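Peer 1: So the protein sequences, as listed, match chains A and B. Each step along the first sequence adds one to the number in our numbering, with nothing skipped, and position 124 is 124. Each step along the second sequence adds one to the number in our numbering, with nothing skipped, and position 62 is 1062. Dumping the structure here so I can ask a few things about it.
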Amino acid sequence: MTTSRRGWRDHPLVQLTLVRYREFYREPEAVFWVFIFPVLLTAGLGIAFRSRPPERIPVALVAQPGADNALARGLAAADGIRLRTLDDSAAAQALRTGDVALVIRPADGAVEYRYDPERPDAREARLRVDEAVQAAAGRADPVRTNEETIRERGARYVDFVVPGLLGMNLMGSGIWGLGFAIVDARRKHLLKRLTATPMSRPQFLASFVLSRLTFLIVEVALLVGFAVVAFGVPIRGSLLVLAGICLLSALAFASLGLLLAARPRTVEGVSGIMNVVMLPMWIFSGVFFSSSRFPDAVQPLIQALPLTAVIDALRATMLRGAGVSEVLPELAVISAWLVVSFVLAVRLFRWR
Amino acid sequence: MSGSPTPSPLILRQLRKAYGDVIAVDGLDLEVRPGECFGLLGPNGAGKTTTIEICEGLTEPDAGEVVILGRRWGTDDRELRELLGISLQETQFAEKLTVAETVRLFRSFYPRGPEAGEVIDLVQLGEKAGARVGQLSGGQRQRLALACALVGDPELLFLDEPTTGLDPQSRRQLWELIERFRAGGRSILLTTHYMEEAERLCDRVAIVDHGRMIAEGTPRELIASLGAEHVLEFAVAGGERLDTAAIAGVVGGGEPGRQDGVWRLQVSELHEAMPALLGELRRQGVQLSELRTHSATLEDVFVTLTGRQLRDD
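Following this line, the structure appears as structure tokens:
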């Protein structure tokens, strides 16, 4: 019989938190979905939507015996188009299948353009070709223009989508991470068994929050680090503000996860509830495109969603360099979700 | 402690619990004496689990009194949780944890008790200490559950069907562990629907049915209350028509009762009853298709009291 003083590792909160770590890292799939998948998704989207030099639009010039060489030369030198010379039927065929956006037919000193005006690239080709045709024929522009082109980091799609993915990941791992583990323990009567010991229930719940915060550091560091290194995504605000937003968001989503898992007895039951809660946020909260695209009538609803607030706050600090005072409304929404979910969760929680 | 008798570790008075229209426990009185292993014996649905979970503080009774180690649920919860060892009927421990990790977790909740390693050795899981719970056999899992119940050095142990679903060898192994704990002078309340288990482990048993206690005593007393040491069971070909009064007259031990096509008779003198029965059956012209005898058990007590078998299987 030993009743001697015990080490810190045998404190129940430490033991409970260790259980959370062990259950997580002994499940390779969970590690993949929480840590690796968001990075892969960022890589995929970053590559798919990377900035490219403007493409040259393919157009066809119908070859005519004894044609005007000046026209062909002028077109060949034109910007933004790629010229092919085809015979009449081949040109018509290429236009029909979309291989070229526009067909140019010289006829008796005039030039005929054939194109589909509903295709934006065809309209652009029409402007560029006409420019070249007129210039080749000797038109002079009355006004001289200068051009200065810019490419701004932070304005690309990858810059837009990384804060979205970060928010989505914070939500997913908070809700899934807590929801499944708790309902599984309830289903196995393990919760009931634990409540039959002197275990402190707040410590049990705290162990979930503590383990979430540890995983959070890894999650955020991996995703943001990858985005910065691989795509040069900017972090214009302070790292401290960014970390604070992530922390508050993780706590809010952990509370929400706790609430969703407060009653269900089966994993199927809680999955359904989690999907119903998360699906609207995936769609409306502006992960992949701006939430301002939805009608004004539903905007108040969208702005009240926790993920909208999280993503707006992350974008503001990462892309605009906003300080705490500028994201206060978002922080208020996140905090409200945290408090309300937690209070309800503790009240509704079913231990057996 | 000099002179004054040790108080009973568990006293239940007029315990009642209903779930909707179903009355699970219907006015149960029960007392577990110090150092005793007390068995609640009854079929599935008799209210055994409800009773033990009320004792464990997991279910609230509708009415009645529960006094455990001189304390009550609602006022002394924290103390009681530290003093009780509990094994629930169907707890599945986290499969990804090892045996040692699981026991150490449970140990961390209690202010006193043996080290995790000692308890693991005690339940003979030393070789499996590093194995994942998911890889354990049914018997090993039950011993792990026992280890988690013992890790707080409990004064009173609650075991809800500790051997259900185990093979005979695992069951005997668990019985030895429970006997060893009882030998240390602590008290146990266990539920079971195996009469063999109750006869082997329990100092006293209460037979419960439909939430009521229908008999209480030592296994020996209960069996003796049948007034017969042997049970004769027989079946006859094609025969519902049997002159049972005539059999009772010749054989003694009351009229035979019929259940699932088998007639049962309780007798005290087997060597006299058997020839008398055979003679009477021949006289009635019925053909015997089955004949068995065994020493009376708690099962026979239950069948006599309720007219039903203890188990469905």
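Idealized CB from N, CA, C, for every residue including glycine. The structure displayed is predicted, hence computed values, not measured ones.
(1) Can you check which of these residues, A/250, A/352, A/322, A/58, is closest to residue 213 of chain A by C-alpha distance?
(2) Figure out for me which residue from B/1296, B/1279, B/1046 has the closest Cα to the Cα of residue 1022 of chain B.
(3) Tell me which same chain residues have a C-beta within less than 7 Å of the C-beta of residue 1270 of chain B, skipping the five on either side of it?
(4) Should residue 345 of chain A and residue 262 of chain A be called a contact, given that it needs their Cβ atoms to be closer than 9 Å?
(5) Considering residue 1219 of chain B, what are the terminal residues of the alpha helix (DSSP H) in which it resides?
(6) With a 10 Å radius around its C-beta and 16 neighbouring C-beta atoms as the bar for buried, classify residue 1086 of chain B as buried or exposed.
(7) Give the C-beta separation of residue 1300 of chain B and residue 1226 of chain B to the nearest angstrom, bearing in mind that I take them to be a contact with Cβ-Cβ under 8 Å.
(8) Select from B/1204, B/1028, B/1092, B/1306 the residue whose C-alpha is nearest the C-alpha of residue 194 of chain A.
(9) Got a sec: is the Cβ-Cβ distance from residue 199 of chain A to anything in chain B below 9 Å?
(10) Can you look up residue 1266 of chain B in the DSSP assignment and give me helix, strand or coil?
(11) Using a Cβ-Cβ cut-off of 9 Å, state whether residue 1181 of chain B counts as contacting chain A.
(12) Using Cβ-Cβ distances below 8 Å, what residues of the stretch 1098-1109 of chain B are close to chain A?
(13) Keeping to the same chain, check which residues put their C-beta closer than 6 Å to that of residue 1038 of chain B; ignore five residues upstream and five downstream.
(14) Using a C-beta to C-beta distance shorter than 8 Å, which residues of chain A count as neighbours of residue 1082 of chain B?
(15) To which residues does DSSP link residue 1157 of chain B through a beta bridge?
(16) Can you find a C-beta in chain A that's less than 9 Å from the C-beta of residue 1093 of chain B?
(17) Secondary structure at residue 1237 of chain B, three-state DSSP: helix, strand or coil?
(18) Would residue 12 of chain A and residue 1109 of chain B be called neighbours here (beta carbons separated by less than 9 Å)?
(19) Along the chain, where does the alpha helix (DSSP H) containing residue 1051 of chain B start, and where does it finish?
(20) Please confirm whether residue 1278 of chain B has its beta-carbon closer than 9 Å to some beta-carbon of chain A.
(21) For residue 86 of chain A, which of helix, strand or coil comes out of DSSP?
(22) Who are the neighbours of residue 1088 of chain B on chain A, taking C-beta pairs under 9 Å?
(23) Consult DSSP for residue 39 of chain A and reduce its assignment to one of helix, strand or coil.
(24) Cα-Cα, which of A/121, A/112, A/109, A/108 is closest to residue 357 of chain A?
(25) Between the alpha carbons of residue 352 of chain A and residue 1060 of chain B, how many angstroms are there, rounded?
(26) Could you tell me the boundaries of the beta strand (DSSP E) in which residue 107 of chain A lies?
(27) For residue 185 of chain A, decide whether its Cβ has a neighbour in chain B, counting only Cβ atoms nearer than 9 Å.
(28) Mind listing the chain A neighbours of residue 1078 of chain B? Cutoff is C-beta to C-beta under 9 Å, in chain order.
(29) For a test of the three-state rule: what should DSSP assign to residue 1019 of chain B, helix, strand or coil?
(30) Mapping the DSSP letters down to three states, classify residue 21 of chain A as helix, strand or coil.
(31) Between the alpha carbons of residue 75 of chain A and residue 88 of chain A, how many angstroms are there, rounded?
(32) Identify which residue in A/203, A/230, A/246, A/191 has its Cα closest to the Cα of residue 217 of chain A.
(33) Exposed or buried, which one is residue 348 of chain A when buried takes at least 16 other CB atoms within 10 Å?
(34) Could you tell me the boundaries of the beta strand (DSSP E) in which residue 1288 of chain B lies?
(35) With residue 115 of chain A as the anchor, note down where its beta strand (DSSP E) starts and where it stops.
(36) Can you tell which of A/264, A/316, A/248 has its C-alpha closest to the C-alpha of residue 334 of chain A?
Peer 2: Concretely, from the data shown:
(1) A/250
(2) B/1046
(3) 1230, 1293
(4) yes
(5) 1219-1224
(6) buried
(7) 6 Å
(8) B/1092
(9) yes
(10) strand
(11) no
(12) 1101, 1104, 1105, 1106, 1107, 1108, 1109
(13) 1032, 1189, 1204
(14) 198
(15) B/1085, B/1188
(16) yes
(17) coil
(18) yes
(19) 1048-1055
(20) no
(21) strand
(22) 189, 192, 193, 196
(23) helix
(24) Since the displayed chain A opens at 1 and closes at 352, residue 357 of chain A lies outside it and no answer follows.
(25) 13 Å
(26) 102-107
(27) yes
(28) 198
(29) strand
(30) helix
(31) 18 Å
(32) A/246
(33) exposed
(34) 1288-1295
(35) 110-115
(36) A/248
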